[in-house]
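Enquirer: Residue numbers (my numbering): 14 to 140.
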Amino acid sequence: MKILIVDDKQTVLSSLTALLENAGHCVVTASNGLDGFEKAQSQPFDLFVIDHLMPVMNGLVLVKNLRQHLDTQHAPILFMSTQGVESLKSLPEYPMFTFSIAKPIDEQELFFVINQLSIQNSQSQSL
Numbered sequence: 014m015k016i017l018i019v020d021d022k023q024t025v026l027s028s029l030t031a032l033l034e035n036a037g038h039c040v041v042t043a044s045n046g047l048d049g050f051e052k053a054q055s056q057p058f059d060l061f062v063i064d065h066l067m068p069v070m071n072g073l074v075l076v077k078n079l080r081q082h083l084d085t086q087h088a089p090i091l092f093m094s095t096q097g098v099e100s101l102k103s104l105p106e107y108p109m110f111t112f113s114i115a116k117p118i119d120e121q122e123l124f125f126v127i128n129q130l131s132i133q134n135s136q137s138q139s140l
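#1: Considering only residues of the same chain and omitting the five flanking positions on each side of Ser44, which have a CB-CB separation below 7 angstroms?
#2: So Asp64 is in the beta strand (DSSP E); what residue range does that whole segment cover?
#3: In chain order, which continuous runs of the alpha helix (DSSP H) of length 4 or greater are located wholly inside the stretch 15-60?
#4: What's the gap between the Cα of Asp64 and the Cα of Ala53?
#5: Could you have a look at Ser103 and say whether DSSP puts it in helix, strand or coil?
#6: Verify whether the separation of the beta carbon atoms of Ile132 and Leu123 is less than 8 angstroms.
#7: Would you say the beta carbon of His65 is closer than 7 angstroms to some non-hydrogen atom of the ligand PLP?
#8: Just tell me which of Asn71, Gly49 and Phe110 has its CA closest to the CA of Leu130.
#9: Using a Cβ-Cβ cut-off of 7 angstroms (strictly less than) and excluding sequence neighbours within five positions of Leu32, which residues of its own chain qualify?
#10: Measure the C-alpha to C-alpha separation of Asp48 and Val76 and round it to an integer number of angstroms.
Set out below in structure tokens:
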């Protein structure tokens with residue numbers, strides 16, 4: 014799976030990249046929403062992992078932009094936040110997320126989400 018991780022914290026980018034690459038995924042990183050949106054327009058991704066609060070362009074604006082762009086409007090989005098998943102549910106953008114996860118990231122939860130996406134992708138390809 015080709016995954017774009019968008020987060021302004023280098024430690025998060027590094028740890029998630031190592032974790033996902035060790036599991037056999039191809040990972041590209043971006044340090045803010047604008048950087049992420051530019052990368053999303055230049056190549057296809059199977060999954061976007063997006064942080065909530067970032068400078069330049071925050072995660073909510075990035076999600077809105079991805080959903081408005083033809084090539085990314087249906088792409089799976091895993092939205093990460095230090096604010097807690099429950100607080101995200103009150104956001105008007107919440108229905109735009111495929112999954113949401115609290116930070117710090119629980120590795121088992123992350124891989125559960127990725128496995129769910131892999132199952133969905135293989136089912137849709139066999140139809």
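Note that CB positions come from ideal geometry on N, CA and C, so glycine has one too.
Expert: According to the structure data:
#1: Counted from its first residue, the sequence shown places residue 44 at position 31. Result list for Ser44: Asp21, in chain order.
#2: Numbered from 1 along the sequence shown, position 51 holds the residue referred to as residue 64. Unbroken beta strand (DSSP E) run through Asp64: Leu60 to Asp64.
#3: 23-35 and 46-55
#4: Here residue 64 is taken as the residue at index 51 of the sequence shown, counted from 1. Here residue 53 is taken as the residue at index 40 of the sequence shown, counted from 1. Cα to Cα, Asp64 sits roughly 15 angstroms from Ala53.
#5: Taking the sequence shown and counting its residues from 1, the one referred to as residue 103 is at position 90. Of the three classes helix, strand and coil, the one that applies to Ser103 here is coil, per DSSP.
#6: The count along the sequence shown starts at 1 and reaches residue 132 at position 119. The count along the sequence shown starts at 1 and reaches residue 123 at position 110. Cβ distance not < 8 angstroms, so Ile132 and Leu123 don't count as in contact.
#7: Looking for the ligand PLP in the displayed structure turns up nothing, as the structure carries no ligands at all.
#8: Taking the first residue of the sequence shown as 1, we reach residue 130 at position 117. If we check each option's Cα against that of Leu130, Phe110 comes out closest.
#9: Sequence index remark: in the sequence shown, residue 32 carries index 19 (1-based). So the list reads Glu120, once near-sequence residues are dropped.
#10: Here residue 48 refers to the residue found at position 35 when the sequence shown is read from its first residue. Here residue 76 refers to the residue found at position 63 when the sequence shown is read from its first residue. Between Asp48 and Val76, the C-alpha separation is close to 13 angstroms.
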